[in-house]
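Colleague: Count along the sequence shown from 1, add 104, and you get the number used in this note's numbering. Cβ coordinates follow ideal geometry from the N, Cα and C atoms, glycine included. From a predicted model like this one, the values you see are computed outputs, not experimental measurements. Take a look at the following structure, please.
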Amino acid sequence: MPDPTTVAGFLNLAKPRGPTSHDVVARIRRLTGVRRVGHAGTLDPLAAGVLVLALGRATRLLEYVVSGEKVYRATIRLGSTTTTDDAEGAMTATRSLTVGPADIAAALPQFVGEIAQRPPAFSAVQVGGRRAYDLARRGAAVELPARQVRIARLTVLGWQAPDLTLEVTCGPGTYIRSLARDLGAALGCGGHLTGLVRTRSGGFSLTAATTLADLEHHAAHCTWHSLLVAPTATLAHLPAMTVTPQGGTLLRQGQPVSSAHLLPAVPAAARTDDPVCVLDAEGRLIAIAAYDPQRDCWRPRKVVG
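Written out as structure tokens, the structure is:
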């Protein structure tokens, strides 16, 4: 079993409905002994599905994972609204339901593309240094400003009044609770989220995810590390280049490397400031780096290996 202090990998976990993402992180720490654990995108207690966890030094790479596209299966109950925009909150209003499939189909396109979306009052968004949900729980009126999010696709999976099931493909920062609220408002009947499953997050899918029961079994047999996904596989969407042993030493020390340390040298046309994975000769990730045109070198942004 690896030393918990040297671990660097990702865990594709199938979060069950009930615990918070923070609860899951605490459980992973207890089961593995790894203290540095983070996640790529919170799932509310109501939600289940893919929760990507970074262990050890891989937590430094979360910003390159959390930016990936996500897919959800969402159940929206039309005709009623709640304080939290989901089934966890208190009911605030109910209306008779007169909408049908044609109304829903006509309303959905306005929520596809780059849209302005207001986060729920009960959310982790910071307001004056405090979480919005803390203020909302104390009875404060919380009206968060809208922000730009991207919804790539909305597909109707089922309609059995009053419940609408959608597949939502979206970018980071999108609140499906807000989508439920705003779709209900557009239809004139109100709406709130009653079920949510994240089926994909970046390159991680629910079909390949590990359950907590599986993880507990592996932890009991000291084989939990076999469930980890290597950083290089997780960051396959980024370009990669190989560095010489001397270049690897420089990067690990936080120093830049020149083209002379790359195998083979990178053509001038390929030198951009986009992040790249820098690997050693065995294909292990050393760092995320970016090109510095002024010095004609690659500077490490995140050192991992």
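#1: According to DSSP, is Q359 helix, strand or coil?
#2: Between the Cα of H341 and the Cα atoms of R403, A152 and Y168, which residue gives the shortest distance?
#3: With three or more beta-carbon pairs closer than 8 Å as the criterion, would you say the stretch 302 to 310 touches the stretch 213 to 223?
#4: Per DSSP, what kind of secondary structure is V407 in: helix, strand or coil?
#5: Since T278 and V260 should fall inside the 8 Å C-beta cutoff, what is the C-beta to C-beta distance between them, to a whole number of angstroms?
#6: Is Q398 helix, strand or coil by DSSP?
#7: Is DSSP giving L135 helix, strand or coil here?
#8: CA-CA distance, D378 and A394?
#9: Find the nearest neighbour of S187 within the set G295, D207 and Q264, judged by alpha-carbon distance.
#10: Would you tell me roughly how many angstroms separate the C-alpha atoms of D189 and T109, rounded to the nearest one?
#11: E320 and R177: beta carbons closer than 7 Å?
#12: For R164, count neighbouring Cβ atoms within 10 angstroms of its own Cβ and tell me buried if that reaches 16, exposed if not.
#13: Are L331 and H322 closer than 7 Å when you measure CB to CB?
#14: Which one of N116, D148 and L115 has the shortest CA to CA distance from H126?
#15: Among the candidates L316, T202 and T336, whose CA atom is the shortest distance from the CA of T136?
#16: So what's S200 in DSSP terms, helix, strand or just coil?
#17: So is P397 buried or exposed if we call it buried at 16+ other beta carbons inside 10 Å?
#18: Look at the alpha carbon of P343 and the alpha carbon of P368, and state the distance between them as a whole number of angstroms.
Modeller: Let me spell this out:
#1: coil
#2: Y168
#3: no
#4: strand
#5: That pair is no contact at about 18 Å.
#6: coil
#7: helix
#8: 6 Å
#9: For clarity, residue 187 is Thr in the given sequence; the question names Ser instead. Of the candidates G295, D207 and Q264, the one whose C-alpha sits nearest the C-alpha of T187 is G295.
#10: 40 Å
#11: no
#12: buried
#13: yes
#14: D148
#15: L316
#16: coil
#17: exposed
#18: 14 Å
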